[in-house]
Amino acid sequence: MESIQLSKRLEQVAAYIQPGARLADIGSDHAYLPCALAQKKLINWAVAGEVVKGPYNKAKKEVSYRKLENKIEVRLGDGLEVIHSDDRIDTVTICGMGGTLIRDILQRGVNNEVLSRKEKLILQPNVGEKTLRTFLMNNQYKIINEEILEENDKIYEIIVAIPTDETIQYSELELTFGPVLLMNSSSIFKLKWTRELEKLFYIKEELKKSKEVNSIKLNRLDQEIDQITEMIK
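Residue 1388 in my numbering sits at position 174 of the sequence shown, with consecutive numbering throughout.
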């Protein structure tokens, strides 16, 4: 049977999963990631979670087609609620959602004690990275790696975090731009923030056209513009 060809971003997510992991892939998108890993015998076992019946059925169909039912269990449920205590999950992946939604999924996992604080988190937010980093900091997760990549003219960030007993304190700059990404300012990093800068300049010009100019908003925009300009120069 032909092997699954993952997208560039999912290939990078897969690279952060330790061989032999017991994986929970939340919002699994046809279970492509766990199927690809199981095909290559890179994971011990996985649960693929979906909250909507349609994607759940598609994931089940993919797992069945690949004859991987002994390695992957597809479950219908809300976020991390698909994880059972006897699953012994050590790695959680949540990809392709907004940072706020990923944060909310993790927060419910913390509140309901579904997360055992032993799991490595590999997260790929489409937007809202700062919100997600703030959650990780406030819940004593240390960001050990970050990746930024471009695929189909879209830029994605991947955040890898592990629980720690240390007090984690990231600066505003680190929360906004990423503590690891800041140390490795790549061309894609600069491209992302150049695009963001263009959006902010456009918003600023539109605000200035308003009959009642909001000086507080303009001042905040100027601060953001100055911050980004300093980062990418």
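We treat Cβ as the ideally placed atom computed from N, Cα and C, and that holds for glycine.
- Restricting attention to Thr1348, Pro1339, Ile1297 and Ile1358, the CA atom closest to the CA of Val1394 is found in Ile1358.
- Taken through DSSP and simplified to helix, strand or coil, Ala1273 comes out as helix.
- Cβ contact annotation for Glu1343 (same chain, cutoff 6 Å, sequence separation greater than five): Gly1313 and Glu1371, in chain order.
- At a Cβ-Cβ threshold of 8 Å, Asn1340 and Gly1310 count as neighbours.
- Judged by their CB atoms, Leu1335 and Ile1319 are not nearer to each other than the 8 Å cut-off.
- Cβ-Cβ separation between Tyr1355 and Thr1390: approximately 17 Å, too far for a contact (criterion under 8 Å).
- Taking every protein chain shown into account, the CB of Pro1233 has fewer than 16 other CB atoms within 10 angstroms, so this residue is exposed.
- Only exposed fits Ala1229, as fewer than 16 other CB atoms lie within 10 angstroms of its CB.
- Beta-bridge partners assigned by DSSP to Thr1305: Leu1237 and Lys1334.
- In this structure Glu1327 is exposed. Its beta-carbon is surrounded by fewer than 16 other beta-carbon atoms within 10 angstroms.
- The shortest C-alpha to C-alpha distance from Lys1254 to any of Ile1430, Gly1268 and Ser1217 is the one to Ser1217.
- Inclusion of Leu1411 and Ile1369 in the CB contact set at 8 Å is not warranted, their separation being larger than that value.
- Around the CB of Lys1274, 16 or more other CB atoms lie within 10 Å, so the residue is classed as buried.
- Of the residues assessed, Ser1242 falls on the buried side of the cut-off, its CB having 16 or more other CB atoms within 10 angstroms.
- Take Val1374, set aside five residues on each side of it, and the residues of its chain with a beta-carbon closer than 6 Å to its own are Tyr1230, Ile1336, Ile1358 and Asn1359, in chain order.
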